[in-house]
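>
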Amino acid sequence: MSDQPAISVFIPARNEAGNITPLFDKIARAFNALNVPGEIVFVDDGSTDSTWNEVNAAATRYPFVCLLRHRKSLGLTEAMRTGFPHCRGDAVVFLPADLESDPEEDIPKLVAKLNEGYDVVAGWRQGRRDGKVFASTIANVVSQRLFGLQVHDMNWIKAFRRDVVENIHLRSDWHRYILILAAAQGYSIGEVQVNYYPRKKGKSHYGIGRIPVSFLDVLVVRFLITFSRKPMLFFGGIGLALGGISITTFAVLAIMYLLDFGQRRPVFDFAGVLLIAGVLFFVVGFLAELIVNQNERIEELERKLRDR
């Protein structure tokens, strides 16, 4: 195979002993079937079993493996941050190490769909029967409704053009929103059906405990996508509403005072609090606009540096 890979297969793993050798064998067969040069970028996210030893042994058989390691578990998003910069292929395929996806089947499917002109391709699991189907379905439906992204399976295998992974900024635990972030930047999203296979070795690292955090994260993502470029629309709108209510209340109190309806001190104090809150929202919106302006300048500078 040539030194420059056409496909980079990115694999994050934690405690996947027993799955590494068959995983690498399947990926190698996929490269051979496609007749293209490829590479594996493997990130060991702080495994405490023999995963690191197994992957080193497998790397001696396959020269196209790049090994990276976290000394402790930092999570999938950090594994992406570590691994993506080392992916040299024009296409970057993200696969799990647990063999719930079959690389020999799925890599050709994802790449073929990518070659149709899509920037990102998501795998849609078929035949899944585990206990997390309901929670996953709810999460996918919520994401579809909030963001209008018609993808059935947000959090499974994916393929990207390399410029997508270079331009997507991921905050902690935002790996599950990478499709949403890509779509928000104008990248086209495709979908392909893939088979799901139950895990045979090891155990899943994802449970229902992540659902409350995911719900809060999806609200933050929605807010940032909607208002990140124009935060004054959000904060200024709230400030105007509070200020309008406050001024209206003051006007009503003034009329009531002139008509000798007596004092309404608690209402007067409440109107004053609303006015102060409205001013504070305006100030926050103004500061947020300054921050956005500086970020846009930095992004423009980064684009100029990349184009040199």
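Using the numbering used here, the letters of the sequence shown correspond one by one to residues 656 to 963. A virtual CB, placed ideally from N, CA and C, is assigned to each residue, including glycine. For clarity, every value in this text was computed on a predicted model and none was experimentally measured.
1. For I946, which of helix, strand or coil comes out of DSSP?
2. Determine the burial state of T706: buried for a count of at least 16 other Cβ atoms within 10 Å of its Cβ, exposed for fewer.
3. Label K858 either buried or exposed according to how many other C-beta atoms from any shown protein chain fall within 10 Å of its C-beta, with 16 as the threshold for buried.
4. State the DSSP-derived secondary structure class of G778, mapped to helix, strand or coil.
5. Touching or not, the region 752-759 and the region 725-736, by the rule of three or more beta carbon pairs under 8 Å?
6. Please list, in chain order, all residues of the same chain as I675 whose beta carbon is under 6 Å from its beta carbon, the five residues on each side excluded.
7. In the DSSP assignment, what are the bridge partners of G845?
8. From this set, F697, E759, Y852, which residue's C-alpha is nearest C742's C-alpha?
9. Which complete alpha helix (DSSP H) runs does the region 732-772 hold, if anything under 4 residues is left out?
10. Could I get the ranges of all uninterrupted beta strand (DSSP E) runs contained in the region 688-738, with 3 residues as the minimum, in chain order?
11. How should T737 be labelled, buried or exposed, when 16 other C-beta atoms within 10 angstroms of its C-beta is the threshold for buried?
12. Buried or exposed: N770, going by 16 or more other Cβ atoms within 10 Å of its Cβ?
13. Is DSSP giving S827 helix, strand or coil here?
14. Kindly indicate which three-state DSSP category I682 falls into: helix, strand or coil?
15. By how many angstroms is the C-alpha of D704 removed from the C-alpha of I695?
16. For N822, which of helix, strand or coil comes out of DSSP?
17. For P667, name the three-state secondary structure that DSSP assigns.
18. To the nearest whole angstrom, what separates the beta carbons of F739 and F665, a pair I think is in contact under 8 Å?
19. In three-state DSSP terms, what is A814?
20. From R952 to I946, what distance separates their C-alpha atoms?
21. If you draw a straight line from the alpha carbon of F937 to that of Y912, how long is it in whole angstroms?
22. Name the two residues that bound the continuous alpha helix (DSSP H) containing G803.
23. Taking only the alpha-carbon atoms, compute the straight-line gap between P660 and F679 and give it to the nearest angstrom.
24. Give the C-beta separation of K764 and V820 to the nearest angstrom, bearing in mind that I take them to be a contact with Cβ-Cβ under 8 Å.
25. Would you say A839 and I793 are within 7 Å of each other, going by their C-beta atoms?
26. Which partner residues does N850 have in the DSSP bridge list?
27. L871 to D828, Cα distance in whole Å?
28. How many angstroms separate the CA atom of A734 from the CA atom of P667?
29. Name the DSSP bridge partner or partners of I662?
30. Since L834 is in the alpha helix (DSSP H), which residue starts that stretch and which ends it?
31. Check whether the Cβ atoms of N810 and R784 lie closer than 7 Å to each other.
32. Report the CB separation of V934 from G899 in whole angstroms; it is logged as a contact under 8 Å.
If we stick to the structure as given:
1. helix
2. buried
3. exposed
4. strand
5. no
6. E709, V710, A713
7. V776
8. F697
9. If we require 4 residues or more, the alpha helix (DSSP H) runs fully inside the region 732-772 come out as 758-769.
10. Given a length threshold of 3 residues, each whole run of the beta strand (DSSP E) inside the region 688-738 is given here in chain order: 693-700, 720-725.
11. Only buried fits T737, as 16 or more other CB atoms lie within 10 angstroms of its CB.
12. exposed
13. coil
14. Shown here, I682 sits in a helix according to DSSP, grouped into three states.
15. 21 Å
16. helix
17. In this structure, P667 counts as strand in the three-state DSSP scheme.
18. Between F665 and F739 the Cβ distance is about 7 Å, and since that is below 8 Å, they are a contact.
19. Three-state DSSP puts A814 in a strand.
20. 10 Å
21. 30 Å
22. Looking at the DSSP string, G803 is not in any alpha helix (DSSP H), and its letter there is neither H nor E.
23. 16 Å
24. Contact flag wrong, Cβ pair sits at about 19 Å.
25. no
26. Q781
27. So the alpha carbons of these two residues sit roughly 11 Å apart.
28. 6 Å
29. Here I662 is bridged, per DSSP, to G693, A746.
30. That run of the alpha helix (DSSP H) goes 833-839.
31. Result no, Cβ atoms of N810 and R784 do not sit closer than 7 Å.
32. The pair is not a contact, with the Cβ atoms about 13 Å apart (cut-off 8 Å).
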